[in-house]
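K.L.:
Below is one structure. I have some questions about it.
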Amino acid sequence: MSKPKIGFYWCASCGGCEEAVVDLAEGVLKVVEAVDIVLWPCAMDFKRSDLEAMADGEMAACFVNGAIRSSEQLEMAELCRRKSQALVAFGACSHLGGIPGLANACTLEGVMQSVYGDGEFSTVNPTDTRPQPMTQVPEGRLTLPTLDESVKALDQVVPVDYYLPGCPPPVKLIVDAVMALLEGRLPPAGSVLAPDVALCKDCPRLDTKPEDPFLHEFKRPHEILIDPEKCLLAQGLLCMGPATRSGCDHACIQGNMPCTGCLGPVSHVRDYGGAALSAVASLVDSNDEAQIAACMAQIPDPAGTFYRYSLPSSLLFKRRNVQGNGGV
Amino acid sequence: MARQITIDPITRLEGHGKIEIFLNDQGNVHRAYFQVPELRGFERFAQGRPAEDMPQITSRICGVCPTAHHMASAKALDDLYKVEPPPAARAIRQLVYNTFMFEDHALHFYFLGGPDFVVGPDAPKAQRNVLGVIGKVGLEIGKRVIEMRRAARQLITLAGGKVIHPVLGLPGGVAKALRPEDQTLCIEVADQAVEFALFSLQIFRDVVLKNRQYVDLITSDAYTHRTYYMGLVDENNDVNFYDGMLRVVDPQGKQFVKFPVRDYLKHIAEHVEPWSYIKFCYLKDVGWKGFEEGPQSGVYAVAPLARLNAAAGMPTSRAQEAYEEFYSVLGGKPVHHTLATHWARLIEMLSAAEMMGDFARSPDLISPNIRTIPTATPQEGIGVVEAPRGTLIHHYQTDARGLITKANLIVATQNNAARIAMSVDRAAKGVIRNGRVDDGLLNQVEMAFRAYDPCHGCATHALQGQMPLVVRVYDAAGQLLREIRQDG
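These protein sequence lines are chains A and B, in that order. Going letter by letter, the first sequence gives residues 1 to 328 in our numbering. Going letter by letter, the second sequence gives residues 329 to 816 in our numbering.
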């Protein structure tokens with residue numbers, strides 16, 4: 001029997017998801033034995049025409065990382081969808097929009113001005129030259145892809161079967177997912193391939209988290225010496241543990257820094273940021289709305305904090321809505 | 329009849345790129361353009377974010393060199409809050425940073441650039457990858473590479489929580505102290521790293537230097553440019569990846585300028601072209617004269633070869649021996665052969681391994697005093713490190729609460745962008761003759777930029793997106809004759 005074919009593809013991403021695959025180490029060799037990798041541009045040479053030549057559904061699974069911003073990424077996402085039985089959104093950008101999705105809080109023109117404006121720091125551009133879709137040079141024509149106004153998660157452009165969460169996805173979750181796919185132990189379509197439990201629940205510091213609402217003020221990580229044993233929320237730090245899915249072995253907390261929410265929400269939560277905000281607000285030790293609001297107002301950047309990885313997939317999505325919600 | 333060739337995507341680099349080659353009526357190269365067809369928005373969407381979040385946000389510019397952005401950012405925060413990290417924090421940061429440089433350089437040699445030499449520049453495409461390297465050098469060595477990478481990355485995880493997007497950096501120090509048992513492990517990994525680096529250098533000598541054809545290729549005119557070079561140096565003018573002054577040497581190897589990073593705007597400027605999203609850095613004191621080499625043009629290079637050229641030597645003993653061998657074999661300083669970057673990278677890998685040993689053994693490493701709490705009102709901070717691919721500068725301005733109002737990032741590949749474009753043009757002219765174009769020749773064009781290990785994840789930080797590499801060949805009438813895409 002021929003081995004199942006699988007593919008990896010990257011859209012708007014940083015390469016960290018690819019590194020996470022390389023971090024499977026000997027596991028990569030095991031995967032290579034069990035499957036035929038038919039698409040992996042970062043490490044091997046494949047052509048788009050090879051992908052186009054495949055029958056629909058020929059790949060057992062295709063793992064796509066990165067968010068979607070350009071027309072080319074959209075086309076490749078559609079192609080990967082068509083050629084695979086299971087399409088897996090791999091990593092936070094593909095799952096929720098990711099950190100580059102914070103670009104939805106600003107305009108494309110704003111980006112262009114920051115990058116290419118004359119006198120912006122080191123930029124010298126007296127003629128106000130901007131990259132163009134088409135440039136006539138003496139030898140011929142040069143083209144550049146154009147960019148969309150907004151960043152999207154994968155399931156905002158094509159149907160997605162499974163999600164591997166995290167920035168990047170933890171190695172253990174990748175191995176479990178690949179094995180489940182190979183052995184046909186498939187969870188219901190739409191599943192996030194990670195434990196459906198909040199990070200707090202299995203946190204090694206759980207014992208030091210007070211039972212009752214306890215927050216009176218928020219601290220920023222650089223303002224205090226962080227106790228390496230005690231619950232970070234109990235130290236006044238904004239830890240996203242109560243609202244974030246477990247599965248990362250508490251990597252950031254092991255690094256003595258708060259969870260920033262890269263694995264996204266547990267199931268049945270439509271809007272991660274809203275859920276995280278309300279989870280944190282419920283820990284404020286007050287029944288007085290004004291007091292709670294005053295406490296929450298100490299958080300310097302609510303949108304960037306609660307929607308760090310999920311702005312494109314959130315109910316807010318783009319800047320106009322962000323403004324309409326008073327910055328949150 | 330003239331033609332145009334496109335290479336898109338360029339493979340085995342982190343990110344994407346595109347090469348357009350225009351041929352003249354004789355089928356020789358008129359000009360080759362290297363384009364970066366993508367841009368993200370980090371400078372812009374940093375605005376409004378708390379400065380202390382920047383080490384984690386900017387690491388997402390690049391998942392291959394997250395530690396470089398993380399550390400440049402942490403150093404910019406030190407400067408923003410005018411705090412000096414205590415000795416333990418400095419030791420931990422530098423141990424982590426040298427470990428990162430070591431493993432990233434190893435990744436390049438075995439996975440990305442190495443295949444061209446170890447397997448061969450015109451070997452079949454299907455073999456020019458890490459599996460081909462393992463096939464050539466043996467499975468045992470392959471396992472050793474994988475094991476070394478894992479040990480180095482575990483060390484970074486220990487101190488940084490995560491290896492891809494670590495969390496240790498804070499203004500004035502690091503988040504987590506190391507314990508005595510951690511130190512034992514760090515020393516073990518460092519010693520293993522030194523052995524591994526020496527062994528990798530030996531592979532390079534055996535496979536590349538003993539092969540006359542490869543040496544001729546490295547020293548050939550097709551891969552040579554006489555430009556300025558820049559890199560961080562310590563108080564002895566030796567290479568330093570984490571700290572020091574920026575030193576620039578001219579094409580003769582003479583010091584042109586040496587400055588602290590806070591003065592970078594006086595010395596470095598960026599030029600914009602309409603056909604690429606990347607900006608082209610140049611030396612302000614010389615000026616932008618186009619894609620030209622020589623002392624009259626402000627084009628300069630960064631990254632391993634440039635760092636060795638810009639310094640007086642290496643900070644560690646065995647790397648210093650390798651440094652002397654390098655210049656003696658290649659005919660003295662500076663070396664202008666782009667492909668010698670692969671050798672320079674291995675010398676740096678050895679130096680990073682030796683530095684790991686120094687910091688792993690430092691008694692400061694396990695002191696619990698890892699933070700200086702900031703008290704100053706923040707306003708502006710600038711930080712610099714040598715990323716694997718060259719000088720990396722983070723520059724932030726904030727309001728009094730420490731929220732970013734403006735940010736500027738000069739990433740390694742931007743510093744190199746002009747010289748990369750020139751190298752691709754020169755290599756295309758050198759290898760494509762009389763209309764003869766095949767995959768092996770096009771790979772030799774790609775080798776011109778792969779030597780720089782250009783990180784397009786980093787290069788495209790300004791906007792969100794992707795850029796695979798294509799080579800397209802066009803005739804004089806603008807008709808597409810040939811298209812080679814190696815990714816999408």
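Ideal Cβ placement from N, Cα and C applies to all residues, glycine included.
Cα separation between B/E509 and B/G685?
P.N.:
Near 16 Å, if we compare the C-alpha coordinates of B/G685 and B/E509.
K.L.:
Closest Cβ-Cβ distance between B/N736 and chain A: below 8 Å?
P.N.:
Taking Cβ atoms only, chain A reaches closer than 8 Å to B/N736, which makes this a yes.
K.L.:
Since B/H722 sits in a beta bridge, which residues does DSSP pair it with?
P.N.:
B/G711, B/L737.
K.L.:
For B/Q332, decide whether its Cβ has a neighbour in chain A, counting only Cβ atoms nearer than 8 Å.
P.N.:
Yes, because at least one Cβ of chain A sits closer than 8 Å to the Cβ of B/Q332.
K.L.:
Buried or exposed: where does B/S401 fall if 16 or more other Cβ atoms within 10 Å of its Cβ makes it buried?
P.N.:
Looking at its Cβ environment, which holds 16 or more other Cβ atoms inside 10 Å, B/S401 is buried.
K.L.:
Would you say B/V627 reaches chain A, if we count a Cβ-Cβ gap shorter than 8 Å as a contact?
P.N.:
B/V627 does not count as touching chain A.
K.L.:
Helix, strand or coil for B/L560? Go by DSSP, reduced to three states.
P.N.:
Three-state result, B/L560: strand.
K.L.:
Go to A/L39, then tell me how far its beta strand (DSSP E) extends in each direction, as first and last residue.
P.N.:
Counting along the chain, the beta strand (DSSP E) containing A/L39 begins and ends at 36-39.
K.L.:
Are at least three pairs of beta-carbons, each pair with one atom in the region 105-112 of chain A and one in the region 61-79 of chain A, less than 8 Å apart?
P.N.:
Touching, no.
K.L.:
Secondary structure at A/Y116, three-state DSSP: helix, strand or coil?
P.N.:
DSSP places A/Y116 in helix when its eight states are reduced to three.
K.L.:
If you measure from the beta carbon of B/Y605 to each beta carbon in chain A, is any gap under 8 Å?
P.N.:
Output row for B/Y605: interface = yes.
K.L.:
Counting pairs of beta carbons, one from the region 707-722 of chain B and one from the region 459-474 of chain B, are three or more of them closer than 8 Å?
P.N.:
With the cut-off at 8 Å, the region 707-722 of chain B and the region 459-474 of chain B do not touch.
K.L.:
Consider the Cβ of B/Q624: report whether some Cβ of chain A lies at a distance smaller than 8 Å.
P.N.:
No, B/Q624 lies away from the interface with chain A (no Cβ there is under 8 Å from its Cβ).
K.L.:
Ignore the nearest five residues each way along the sequence and tell me which others in B/E598's own chain have a CB closer than 6 Å to its CB.
P.N.:
Excluding sequence neighbours, B/E598 sits near K607, C609.
K.L.:
Considering just the uninterrupted stretch of the beta strand (DSSP E) at B/W616, what are its terminal residues?
P.N.:
Careful: B/W616 lies outside any beta strand (DSSP E) and carries neither H nor E.
K.L.:
To the nearest angstrom, how far is the alpha carbon of A/H250 from that of A/L311?
P.N.:
The straight-line gap from Cα to Cα measures roughly 23 Å.
K.L.:
B/I596 touches chain A at which residues, Cβ-Cβ below 8 Å?
P.N.:
The answer, in chain order, is S122.
K.L.:
Is it true that the CB of B/A779 sits closer than 8 Å to the CB of B/L667?
P.N.:
Against a cut-off of 8 Å, the Cβ pair of B/A779 and B/L667 comes out as a contact.
K.L.:
Chain B partners of A/M340, CB-CB under 9 Å?
P.N.:
Nothing in the structure corresponds to residue 340 of chain A, since chain A is present only between 1 and 328.
K.L.:
Looking at C-alpha atoms only, which residue of A/G7, A/Q136, A/A294 is the closest neighbour of B/Y361?
P.N.:
Nearest option by C-alpha distance: A/Q136.
K.L.:
Taking C-beta to C-beta, are A/A20 and A/P188 nearer than 8 Å?
P.N.:
Taking 8 Å as the Cβ cut-off, A/A20 and A/P188 do not qualify as a contacting pair.
K.L.:
Roughly how many whole angstroms lie between the Cα atoms of B/R418 and B/A638?
P.N.:
Whole-angstrom Cα-Cα distance: 24 Å.
K.L.:
What is the C-beta distance between A/A67 and A/A86, in whole angstroms, given that I count them as a contact (C-beta under 8 Å)?
P.N.:
With 8 Å as the limit, A/A67 and A/A86 do not qualify as a contact, their Cβ atoms being about 20 Å apart.
K.L.:
Please tell me whether B/A550 and B/R754 are closer than 8 Å, where the distance is taken between their beta carbons.
P.N.:
For B/A550 and B/R754, yes; Cβs fall inside 8 Å.
K.L.:
Hey, out of B/L611, B/P602, B/G768, whose CA is closest to A/D357's CA?
P.N.:
Only positions 1 to 328 of chain A appear in this structure, which leaves residue 357 of chain A out of reach.
K.L.:
Alpha carbon to alpha carbon, what distance is there between B/V364 and B/Q794?
P.N.:
Its pLDDT being 31, under 50, B/Q794 is placed unreliably by the model, and the measurement read from it follows with that caveat. Distance between the alpha carbons of B/Q794 and B/V364 is about 10 Å.
K.L.:
Could you pull out every residue in the same chain whose Cβ sits closer than 7 Å to the Cβ of B/V502, ignoring the five residues on either side in sequence?
P.N.:
Answer for B/V502: A417, I420, R421, L496, I698, listed in chain order.
K.L.:
Taking the alpha-carbon positions, what's the B/G768 to B/K538 distance?
P.N.:
Their backbone Cα atoms lie some 22 Å apart in a straight line.
K.L.:
Identify each residue in the region 246-265 of chain A for which the Cβ-Cβ distance to at least one residue of chain B is less than 7 Å, and report them in chain order.
P.N.:
Residues passing the 7 Å Cβ filter: A251, C252, Q254, G255, N256, M257, T260.
K.L.:
Going straight from the alpha carbon of A/P265 to that of B/E431, what length do you get?
P.N.:
So the two alpha carbons sit approximately 33 Å from each other.
K.L.:
Compile a chain-ordered list of the residues in the region 82-111 of chain A whose CB is closer than 7 Å to at least one CB of chain B.
P.N.:
Cβ contacts with chain B come from I99, P100, L102, A103, A105, C106, G110, V111.
K.L.:
Looking only at its own chain, which residues have a Cβ that is under 6 Å from the Cβ of A/M279, when we skip the five neighbours before and after it?
P.N.:
Checking the sequence shown, residue 279 of chain A turns out to be Ala, not Met. Cβ neighbours of A/A279 beyond the five flanking positions: P242, A243.
K.L.:
For B/P632 versus B/D562, is the C-beta distance shorter than 8 Å?
P.N.:
No.
K.L.:
Taking DSSP as the reference, what is the three-state secondary structure of B/W603?
P.N.:
Correct three-state label for B/W603: coil.
K.L.:
Please identify, using Cβ separations under 9 Å, the residues of the region 23-37 of chain A that lie next to chain B, in order along the chain.
P.N.:
Under the 9 Å Cβ criterion, the region 23-37 of chain A contributes D23, A25, E26, V28, L29, V32.
K.L.:
Do you know how far the Cα of B/L486 is from the Cα of B/I385?
P.N.:
Each residue's Cα considered, the two are about 20 Å apart.
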